[in-house]
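> Residue numbers (the numbering used here): 1326 to 1654. We treat Cβ as the ideally placed atom computed from N, Cα and C, and that holds for glycine. Here you go, one structure.
See below:
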């Protein structure tokens, strides 16, 4: 809940309040964009104190109170504490929805939720990706490292330590990885690797044996990530909870590599599910079967038209209507 605490401190802490107020008074913005709801906890009272009424753009990545409720309940919080905090966040989102001149949502479902909370002018701009240029040297280095371990097939899972990432992997792929051949390995990249290595290592027999098929890479550089996206046989998107639309889904679609994803991970990208190499799964059993299927056949080639369609996930395409809408205020 650091996002809530930090946002409140913007107004509660005297030094922060003075500094931020002086910046706002010096700049005197005619438009303020709130990126995710939380900063408004501190921004609104400061604007009120200064007597400012700028136009307001609410850029929402998720319906936050719903996602926080899932995460905190899953973390074992007391039910009363969960409802007290998520109730405050819901009130904040309702206030923003009703006050904002533009609400930017990342999926149709989120847009409907914000409209139900009172948002009038809603734009859907799904999350996107940037091209990640990969060097031949980086690809050769990773292929050599993989081969040195006797690994023939690789699946790549990239994510932060955000709970929906590791919860999705544990509930979809699971700890019993005997369904994978001995020469197959799942590469874990990003904060999720560090989290899983710390919290799911050696507590049970399943967890001990699970690490024979997992390789925790931790946080990697952009160039290494670009190379891994090129050399991995399969990219995994095992998301089962959370909100919004998934950044890693856009990145996987743009890569052109075989992708195994839950239906949940493909939210807001349904129009691209028919592209070659995208395998959707509704259950853990379907997910694991899709992994094996993807390993067993070469990646399909996309036509020029299919490549053009996949480029709909580029940031400049996803956000093309947002700048115009803000400029028109």
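Can you name, in chain order, every residue of its own chain whose Cβ lies under 6 Å from the Cβ of residue 1446, other than the five neighbours on each side?
Excluding positions up to five away in sequence, the list reads 1427.
> Would you call the stretch 1605-1618 in contact with the stretch 1626-1645, where contact means no fewer than 3 C-beta pairs closer than 8 Å?
They do not touch, by the three-pair rule.
> Would you identify the three-state DSSP class for residue 1563, choosing helix, strand or coil?
Three-state result, residue 1563: coil.
> Let me know the secondary structure DSSP gives residue 1510 once reduced to three states.
Residue 1510 falls in the strand class under three-state DSSP.
> Which same chain residues end up closer than 7 Å to residue 1417 when comparing Cβ atoms and leaving out the 5 residues on each side of it in sequence?
Cβ within range, chain order: 1362, 1365 and 1366.
> Determine contact between the stretch 1588-1602 and the stretch 1554-1568, defined as no fewer than three beta-carbon pairs at a distance below 8 Å.
Flag = yes, the stretch 1588-1602 and the stretch 1554-1568 touch.
> Would you say residue 1397 and residue 1381 are within 8 Å of each other, going by their C-beta atoms?
No, the Cβ-Cβ distance between residue 1397 and residue 1381 is not below 8 Å.
> Return yes when at least one heavy atom of the ligand NAD lies under 7 Å from the C-beta of residue 1419, else no.
Ligands displayed in this structure: none; no statement on the ligand NAD is therefore possible.
> For the beta strand (DSSP E) that contains residue 1591, what are its first and last residues?
Here residue 1591 belongs to no beta strand (DSSP E), and DSSP marks it neither H nor E.
> Within its chain, find whatever has a CB closer than 8 Å to the CB of residue 1450; leave out the 5 residues flanking it on each side and keep chain order.
1429, 1430, 1431, 1643, 1644, 1646 and 1647.
> Under the rule that 16 or more other beta-carbon atoms within 10 Å means buried, what is residue 1483, buried or exposed?
Counting Cβ neighbours within 10 Å, residue 1483 comes out buried, since at least 16 surround it.
> Would residue 1360 be called buried (16 or more neighbouring beta carbons within 10 Å of its own) or exposed?
Exposed, since its Cβ has fewer than 16 Cβ neighbours within 10 Å.
> Taking only runs of the beta strand (DSSP E) that begin and end inside the stretch 1340-1421, which ones reach a length of at least 3 residues, in chain order?
Within the stretch 1340-1421, the complete beta strand (DSSP E) runs of at least 3 residues are 1356-1360 and 1380-1384.
> Could you say if the stretch 1499-1518 and the stretch 1530-1549 meet the contact criterion of at least three C-beta pairs nearer than 8 Å?
Output reads yes: the stretch 1530-1549 touches the stretch 1499-1518.
> For residue 1385, which residues from the same chain have a beta carbon less than 6 Å from its beta carbon, with the 5 sequence-adjacent residues on both sides left out?
1430, listed in sequence order.
> Just checking, does the stretch 1519-1539 make contact with the stretch 1491-1498 on the three C-beta pairs under 8 Å criterion?
Contact holds: three or more Cβ-Cβ distances are below 8 Å.
> Can you give me the C-alpha to C-alpha distance between residue 1570 and residue 1375, rounded to a whole angstrom?
Answer to the nearest angstrom: the Cα atoms are 36 Å apart.
> Quick one: Cα of residue 1537 to Cα of residue 1499, how far?
If I take the Cα positions, the gap works out to 13 Å.
> Can you check whether the CB of residue 1353 is closer than 8 Å to the CB of residue 1371?
Not a contact, by the Cβ cut-off of 8 Å.
> In or out: residue 1469 buried (at least 16 other Cβ within 10 Å) or exposed?
By the neighbour-count rule (16 or more Cβ atoms within 10 Å), residue 1469 is not buried but exposed.
> Checking 8 Å against the spacing of the C-beta atoms, do residue 1548 and residue 1460 come in under that value?
Result yes, Cβ atoms of residue 1548 and residue 1460 sit closer than 8 Å.
> With distances taken between CB atoms, is the gap from residue 1616 to residue 1584 smaller than 8 Å?
Not in contact: residue 1616 and residue 1584 (Cβ atoms no closer than 8 Å).
> Please classify residue 1439 as buried or exposed, where buried requires at least 16 other C-beta atoms within 10 Å of its C-beta.
Residue 1439 should be labelled buried.
> Report the residue from 1350, 1601 and 1550 whose alpha carbon sits nearest the alpha carbon of residue 1455.
It is 1550.
> Exposed or buried, which one is residue 1458 when buried takes at least 16 other CB atoms within 10 Å?
Flag for residue 1458 reads exposed.
> Since residue 1443 is in the beta strand (DSSP E), which residue starts that stretch and which ends it?
That residue, residue 1443, is in no beta strand (DSSP E); it is neither H nor E in DSSP.
> Starting from the N-terminal side, write out each stretch of the beta strand (DSSP E) that is 3 residues or longer and does not extend beyond the stretch 1464-1549.
Segments of the beta strand (DSSP E) lying fully in the stretch 1464-1549: 1478-1483, 1509-1514 and 1539-1543.
> Determine the burial state of residue 1339: buried for a count of at least 16 other Cβ atoms within 10 Å of its Cβ, exposed for fewer.
Exposed is the call here.
> Can you give me the C-alpha to C-alpha distance between residue 1355 and residue 1369, rounded to a whole angstrom?
Residue 1355 and residue 1369: Cα-Cα distance of roughly 14 Å.
> Taking Cβ positions, are residue 1481 and residue 1561 nearer each other than 8 Å?
Cβ atoms of residue 1481 and residue 1561: closer than 8 Å.
> Identify the residues that DSSP records as bridge partners of residue 1554: which are they?
Beta-bridge pairing links residue 1554 to no other residue.
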